[in-house]
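Per my numbering, residue 67 is the first one in the sequence shown, and the count goes up by one each step.
Glycine residues also receive a C-beta, built at the ideal position from the N, C-alpha and C atoms.
Okay, so here's the structure we're looking at.
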Amino acid sequence: LLIMILVSVLSPKELNWRDSFTSSEKLPYGCRVLYENLSDLFPQSEIYRSNQSMYLELADSSLRDHTILLIDRDVGIDDYSFENLERYVASGEDCFISSQVMSGSLLALLDSFDISYSRWSYVTLDSADRAQWSPLRSINAPDYSLNQIIVRGDTLGPYPINYQWSFSEFDLTYASDSVEVLGMTQDTHVNFIRLPYGEGMFYLHSQPEAFTNYHILRNDSRDYAAHALSYLPDKDIYWDGYKELSVQQSGSRLRVILSDPHLRVAWYLILFGIGMYVLSFIKREQKMIPILRPYNNESLDYTRTVGSTYFQYGRPDLILRKRVQYFRDLLSRKYYIRDVRFTEAEAHILHTKTGYDENSILRLFSILRNLEARHSISDGQLLAATRNINKFYRHI
């Protein structure tokens, strides 16, 4: 078990190519490198990372002179937040959005400028060669015409891009007064535009992978992100961290522990220690044998107490009545002879059912019948009746 844990912990992990675009992730498609270097790209600006929703942030009138930076596969701006965003940009601010998925309010914004957003196919020179990349360039900066970018495939990790989204339905030969083209692919598909909105600007970019760790750390593509962001004015930067926070909270409860190598090793050691403890004490241990004390005959003590009570009163007739009552109850429950009057016929029936000597039954019945008729009896008469009753009990 220890060897298995060590192999699992120390073996190289497969690279995780999932989409992240968060400021804290070191994954290839995280934006940690970009976020940590924003202060170098904008040395005169402060980087503000918000942990509350954009709707609440933009509703706060204290947010001024900030360029909003939104980078994700799908920025997912709801209609209410986008209304606040439009008012914010119209007041003279700027917003940079790099998203492959543009829907809802973003599409409505593009429609207002008669711009279409569609997917186009890109055929690489050799689809089997992973060194083939989909190049990006800026028409306003010919020095950056060799900048290239690569995107993640469905199953194979990095491979040449075979489709991409682009802006179309406007003239690309020059920058018009309403729409300015800032970048396009080598096949002249526009992927970066600037839209004036009120007194501010919207910067729309369709390839967010360009700003991830994987491409910024590559020598042949690192300059593209810096060049694209160089179009932004020198203002404070607003980084939306609310969506990142919700993604982190929606993960596993052990996400924080398992995401850090040291905490992950500590967690495995704890599990290993618990397993060793269970294996060490898995055998059954003998419990202490309790001391069992003999039971007291409480019924006998009760009988003695009651008997001594009646004896002190000097009323043996009361004791006889109790004995006779219990005797009748026994005959009724066990032999179904009810309301016994101690007659000869009842004695014969009892003899038939019990097999007890009929003369002994007649003698017992005679004693009980005579004593019941008396108002008082002696101790000797009580003793004689009790002796005959007990004799009958021993037989049955």
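Between the beta-carbon of residue i and the beta-carbon of residue j, is there less than 8 Å?
i, j, result
"Tyr290", "Pro94", "no"
"Asn257", "Ser272", "yes"
"Pro382", "Ser444", "yes"
"Thr420", "Ile462", "yes"
"Leu270", "Leu261", "yes"
"Val75", "Tyr334", "yes"
"Thr88", "Glu275", "no"
"Ser111", "Asp300", "yes"
"Glu265", "Ser157", "yes"
"Leu416", "Leu396", "no"
"Ser105", "Val141", "no"
"Ala292", "Gly249", "no"
"Asp302", "Ser116", "no"
"Ile347", "Ile71", "First, the residue type needs correcting, since residue 347 is Phe and not Ile in the sequence shown. The answer is no: Cβ separation not under 8 Å."
Can you tell which of the options has its C-alpha closest to the C-alpha of residue i?
i, options, result
"Leu107", "Glu275, Tyr297, Leu248 and Ile163", "Tyr297"
"Glu424", "Ala450, Asp85, Ala413 and Arg98", "Ala413"
"Asn82", "Ser325, Asn454 and Phe347", "Ser325"
"Tyr422", "Arg435, Asn456 and Asp405", "Asn456"
"Asp177", "Leu295, Val245, Glu364 and Lys353", "Val245"
"Leu448", "Arg460, Leu434, Phe458 and Tyr459", "Leu434"
"Leu68", "Gly341, Arg359 and Asp367", "Gly341"
"Arg130", "Asp145, Tyr114, Pro356 and Phe393", "Tyr114"
"Gln391", "Ser232, Arg404 and Tyr379", "Arg404"
"Ser86", "Ile355, Ile336 and Thr278", "Thr278"
"Gly373", "Pro360, Arg389, Leu358 and Cys97", "Arg389"
"Ile143", "Asn117, Ser171, Ser128 and Gln118", "Ser171"
"Trp231", "Val247, Ile357, Arg185 and His255", "Arg185"
"Tyr183", "Ser128, Leu248, Ile259 and Pro109", "Ile259"
"Arg288", "Asn103, Arg359 and Lys92", "Asn103"
"Gly446", "Phe377, Phe431 and Phe458", "Phe377"
"Arg370", "Ile385, Ile348 and Arg359", "Ile385"
"Asn454", "Pro360, Lys353, Leu430 and Thr375", "Leu430"
"Lys400", "Pro327, Ile355 and Tyr459", "Tyr459"
"Gly380", "His328, Arg84 and Ser442", "Ser442"
"Ile181", "Gln118, Ser128 and Val247", "Val247"
Based on DSSP bridge pairs, tell me the residues matched to residue i.
i, result
"Gly249", "Phe258"
"Cys64", "No answer is possible for residue 64: the residues shown for the chain start at 67 and end at 462."
"Ile303", "Ile113 and Thr133"
"Tyr263", "Gly266"
"Asp140", "Val167"
Would you please state the rounded distance, in angstroms, between the beta carbons of residue i and residue j? I believe it to be under 8 Å.
i, j, result
"Leu463", "Ala451", "Nothing about residue 463 can be read from this structure; the chain reaches only from 67 to 462."
"Arg463", "Val99", "Absent from the structure is residue 463, since the part of the chain shown begins at 67 and ends at 462."
"Arg263", "Val155", "Note that residue 263 is Tyr in the sequence shown here, rather than Arg. Sure, about 5 Å apart at Cβ, within 8 Å."
"Met120", "Ser147", "5 Å"
"Phe268", "Leu173", "Going by Cβ atoms, the distance from Phe268 to Leu173 rounds to 13 Å, so no, they are not a contact pair."
"Val406", "Arg394", "5 Å"
"Arg330", "Ile323", "6 Å"
Any heavy atom of the ligand SAM closer than 7 Å to the Cβ of residue i?
i, result
"Ile137", "With respect to the ligand SAM, the structure offers nothing, as it holds no ligand at all."
message: If contact is defined by three or more beta carbon pairs under 8 Å, each pair taking one atom from either stretch, is the stretch 155-173 in contact with the stretch 133-147?
response: Yes, they touch.
message: Taking contact to mean 3 or more Cβ pairs, one atom from each stretch, closer than 8 Å, check whether the stretch 143-154 and the stretch 115-126 are in contact.
response: Enough Cβ pairs lie closer than 8 Å, so yes.
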